[in-house]
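Notes follow once the structure below has been shown.
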Amino acid sequence: MPLLSLDVLSVRNIQSASIVPSPTINLIVGANASGKSALLEAIFILGRARSFRTHQVKQAISFEQPQLIVAAQNRQANGSVHLGIKIDGKQAEIRIDQENCQKADLAYALPVQLIHPKSYRLLDAGAQIRREFLDWGIFNHNLNFLPNWRKFSKALQQRNVLLKTKQVNQLAAWDKELLQYGLIVNQYRQDYITALQPVFLEMANQFLDTSEIELRFNCGWDDKQALADILKSDLDRDLRYGFTHNGPHRADFLTYHDKRLAKDYLSRGQQKLLMLALMLSQVNLLNREAQNNCCILIDDLTAELDTVNRSKLLKYLDTLGCQVFMTSTSLEEFGDLSAIENYKVFHVKQGCIEAL
Ligand SMILES: Nc1ncnc2c1ncn2[C@@H]1O[C@H](COP(=O)(O)OP(=O)(O)OP(=O)(O)O)[C@@H](O)[C@H]1O
Ligand SMILES: [Mg+2]
56 MPLLSLDVLS
66 VRNIQSASIV
76 PSPTINLIVG
86 ANASGKSALL
96 EAIFILGRAR
106 SFRTHQVKQA
116 ISFEQPQLIV
126 AAQNRQANGS
136 VHLGIKIDGK
146 QAEIRIDQEN
156 CQKADLAYAL
166 PVQLIHPKSY
176 RLLDAGAQIR
186 REFLDWGIFN
196 HNLNFLPNWR
206 KFSKALQQRN
216 VLLKTKQVNQ
226 LAAWDKELLQ
236 YGLIVNQYRQ
246 DYITALQPVF
256 LEMANQFLDT
266 SEIELRFNCG
276 WDDKQALADI
286 LKSDLDRDLR
296 YGFTHNGPHR
306 ADFLTYHDKR
316 LAKDYLSRGQ
326 QKLLMLALML
336 SQVNLLNREA
346 QNNCCILIDD
356 LTAELDTVNR
366 SKLLKYLDTL
376 GCQVFMTSTS
386 LEEFGDLSAI
396 ENYKVFHVKQ
406 GCIEAL
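Sequential numbering of the sequence shown, starting at 56, is according to our numbering.
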């Protein structure tokens, strides 16, 4: 649900800023190094308790400052809640309506989808980024996913410790856990891909003018065999290398266009549009279940799209009804704004943010 107000303290070059964003589209403009990405990073931190720019979120704390704070009033179905996160060099303190909370509570309260120029790696980087993409979607889709995923991850971690230390006699207990929760995680992922596929097709059709798009799920092992049998037949190899070779932790999905692997045949521009379609289809699916639930952050992307696709994107975002924060170095780069309603423009200059 949309942020009604946002306060940012000591995030990168933003020392202190308070804004009242539009519940729909927010266009953030400013010169290079003015603090546009820093503003998106602050919102991302509020939703995910981590940064999208650096591994260590503490690097986002302004130089010479002890901590950063991001807080917001967030509209929910039954009123509004106050979300806040404070990060110092060591830890994160999360509050929802003054109560101490966990990262997962924050993520449920403010699902943020980030799209930036490097997001096209979703198609061609290693599988982990795609697994995280899937799991984020499922996490927001079904509250039961997280506890099952955690149990699976714990079982996998314990199994790998036993493999490394060659404690074979204790393996059976963790294999049982890994199978039980791994198969549940796998089922969630399969169901999610099935639900996402038609929405993705619709989006790909809009942005790429094609209906020959397909998502193929790979569960992380040879699915002609049972996972229990795979664990047994892999045991010697798993022991030799000290880790579990096959299982849901190796899951992936591939995108095919016209029966060919998209990443190997599509142009860079087409790959970007495909990535955009994937990311937005995830938000679209989420929106069908919980109206206007997601906050979309789009950093520096419009400059990379041609005029036609820029206006398609704007129109699409306008009809989606989610809260969007988009950055660019000039207002013109967003394209023709006459067709969209209720947007707000913010100008960023040396870390200060002003509504225009
Ligand atoms: N921890 C930090 N403390 C203070 N300033 C920082 C910190 N980290 C980065 N900066 C500076 O903050 C400024 C704003 O960076 P930001 O990436 O937000 O700019 P931007 O407006 O997105 O620019 P561009 O258009 O080039 O993407 C930069 O000058 C950067 O060097
Ligand atoms: Mg930037």
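No residue lacks a Cβ here, since even glycine has one placed at the ideal position from N, Cα and C.
Just so we're clear, the structure is a prediction, and the values are computed from it rather than from any experiment.
Here K91 carries a helix assignment [DSSP, helix/strand/coil]. Going down the chain, each residue whose beta-carbon is closer than 5 Å to a heavy atom of ligand 1 shows up: R67, N68, N87, A88, S89, G90, K91, S92, A93, S117, F118. In the structure shown, G275 adopts coil according to DSSP, grouped into three states.
Looking at the backbone, the Cα of A332 and that of A259 are separated by about 5 Å. N195 and P166 do touch by the CB rule: their CB atoms are close to 5 Å apart, below 8 Å.
Cβ neighbours of R103 within its own chain (closer than 8 Å, five residues either side excluded): K158, L161, A162, V167. Each residue's CA atom was taken as its position, placing V240 and M330 some 24 Å apart. In the three-state reduction of the DSSP assignment, F401 falls in the strand class. The beta carbon of E232 sits closer than 6 Å to those of A210, all from its chain and outside the five residues before and after it, given in chain order. One alpha carbon belongs to I285, the other to F188, and they sit about 26 Å apart. Around the beta-carbon of Y296, fewer than 16 other beta-carbon atoms lie within 10 Å, marking it exposed. Here Q114 is not bridged, per DSSP, to any residue. In the structure shown, Q168 falls within a strand segment according to DSSP collapsed to helix, strand and coil. The beta carbons of Y311 and R343 sit no closer together than 8 Å. Sorting G139, G181, L177, Q146 by C-alpha distance to the C-alpha of Q153 places G139 at the top. Look at T374: its beta carbon is at least 7 Å from all of the heavy atoms in ligand 2. Secondary structure note for E409: it is in no alpha helix (DSSP H), and the uninterrupted beta strand (DSSP E) holding it is 407 to 410.
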